[in-house]
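Chemist:
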Amino acid sequence: MRPHAERRFGLRGDLPGVLAAPPGSPAAAAGVRTGDLLLAVGDASLSVGQLEGAATWEGLEANLRIIDAALARGPTQVSVERDGETLDALLRPQRACGYDVQVDPSDELNARADGRRLFISTALASFAATDDELALVLGHELAHHVLGHRPWNDAEGEARRANERVWRARGGGGGAEAQADRVGLYLSARAGYDPAVAAPFWRRFGASNWRVRFPQIGHASAGARAVALEAVQREIEAKRAAGGELLP
Ligand SMILES: [Zn+2]
28 MRPHAERRFG
38 LRGDLPGVLA
48 APPGSPAAAA
58 GVRTGDLLLA
68 VGDASLSVGQ
78 LEGAATWEGL
88 EANLRIIDAA
98 LARGPTQVSV
108 ERDGETLDAL
118 LRPQRACGYD
128 VQVDPSDELN
138 ARADGRRLFI
148 STALASFAAT
158 DDELALVLGH
168 ELAHHVLGHR
178 PWNDAEGEAR
188 RANERVWRAR
198 GGGGGAEAQA
208 DRVGLYLSAR
218 AGYDPAVAAP
228 FWRRFGASNW
238 RVRFPQIGHA
248 SAGARAVALE
258 AVQREIEAKR
268 AAGGELLP
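Everything in the sequence shown is counted per my numbering, starting at 28 for the first residue and increasing by one.
1. Arg238 bridges to which residues according to DSSP?
2. Just curious, the alpha helix (DSSP H) that Glu108 is in, first and last residue?
3. Pairing CB atoms from the region 249 to 260 with CB atoms from the region 221 to 233, are three or more of them under 8 Å?
4. Would Ala48 and Val59 be called neighbours here (beta carbons separated by less than 8 Å)?
5. Is His172 near ligand 1, in the sense that its beta carbon is under 7 Å from a heavy atom of that ligand?
6. Under 8 Å between the Cβ atoms of Asp127 and Arg109?
7. Run the proximity test for Glu204: is its beta-carbon closer than 7 Å to any non-hydrogen atom belonging to ligand 1?
8. Excluding five sequence neighbours on each side, which residues of the same chain lie with their C-beta closer than 8 Å to the C-beta of Ala207?
9. With distance defined between alpha-carbon atoms, name the residue in Leu163, Pro102, Leu151 nearest to Gln121.
10. Can you tell me which of the three DSSP states Thr24 falls into?
11. Work out the CA separation of Arg267 and Met28 for me, nearest whole Å.
12. Would you call Trp84 buried or exposed, if buried means 16 or more other Cβ atoms sit within 10 Å of its Cβ?
13. Can you tell which of Leu91, Ala96, Asp115, Leu42 has its C-alpha closest to the C-alpha of Leu78?
14. Do Asp95 and Gln104 have their C-beta atoms closer together than 8 Å?
15. Under a Cβ-count criterion, where at least 16 other Cβ atoms within 10 Å of its own Cβ denotes burial, should Phe36 be classed as buried or exposed?
16. Would a check of beta-carbon distances place Ala138 closer than 8 Å to chain D?
17. What I want to know is whether the C-beta of Ala152 ends up closer than 7 Å to one or more non-hydrogen atoms of ligand 1.
18. How many whole angstroms separate the CB atoms of Leu273 and Ile263, which I take to be in contact at a CB cut-off of 8 Å?
In C-alpha cells form, the structure reads like this:
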C-alpha cells in the first residue's frame, strides 16, 4: 500500500511524514505542519531508504526509534521538508501514551495488543460508530498492557492455556479478558469517553457477528460481556457521583 500512501499523504520512502499537528500539540507549537516530511532529528539524519523495489517496515521503524530516543532526552531541533525547502524547528516533547496504535488493513473484526503496540483492524475501526466505541475497544487492549498480561502470558503460557480450558468449560467468563474489559472501561472513562456505550456496543457486535454470541477461548460471549460491562458502568457512575477517584 506504500505507493498509495505516498500519493495520498505526500510521503517519500522511509521518511516519517506529519499527518496531523493538532492545535496545542508540541508539533503545532514548534511550527511543524501537516504535510511536512522529517529529514533530521537532533544530530541524526533520517534515512529515506530504498525508493525502488519492495518496501519494508524496518527502515521506517529505525527512523521512528531515532525520533523517540532524541525526544526522550528533551527539547530537540528537527529539520523538515516543506514545499521543497528545508526548515528547522525546536520541538519540545510532552509526556504522552507510551504505546503506538496501528491500524491493520483487514476484513476481520479484530483488535490485539503485543505488549508494545495496540492493533485494530480496519473492519473493527469501521464497525465502531463513534469515538466512544473506538475508545472502548482500544481501552480493552490498553488494559492488557497496563495489567502486564503479555509478560504473564509469555511466562505462564501453558498455565494460561489450562486456565482457558477451564473458563471455557464454565461458559467462558472471568480471567484476563474480563479484567481487561473492566480496567479498559475505566481507562476510556478517565480519558473522557462515555462508558455507557459499552453494553450496547457488545450487543450490536454480537447481533452482527455470530461467532461472538458464544464463549470464545478466554472470552465470555458478547452478551455476557455486555452484562458484566453494565455493572462496571454503574460502578463508574457511582464513583463519579460520590466525587471519588476513578480507580478500578
Ligand atoms: Zn483481550
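Every residue gets a Cβ at the ideal spot worked out from N, C-alpha and C, and that includes glycine.
None of these values were measured; they are calculated from a predicted model.
Modeler: On the basis of the coordinates in this document:
1. In the DSSP output, where bridge partners are listed per residue, Arg238 has none listed.
2. Premise fails: Glu108 lies in the beta strand (DSSP E), 103 to 109, not in any alpha helix (DSSP H).
3. Contact between the region 249 to 260 and the region 221 to 233 is established, with three or more Cβ pairs separated by less than 8 Å.
4. yes
5. no
6. no
7. Taking non-hydrogen atoms of ligand 1 into account, the C-beta of Glu204 is found less than 7 Å away from one of them.
8. His167, Glu168, Ala170, His171, Leu174, His176
9. Pro102
10. Within the shown structure, residues of the chain are numbered from 28 to 275, placing residue 24 beyond reach of any answer.
11. 45 Å
12. exposed
13. Leu42
14. Not closer than 8 Å, so no.
15. exposed
16. Looking for chain D here will not work: only one protein chain is present.
17. no
18. 6 Å
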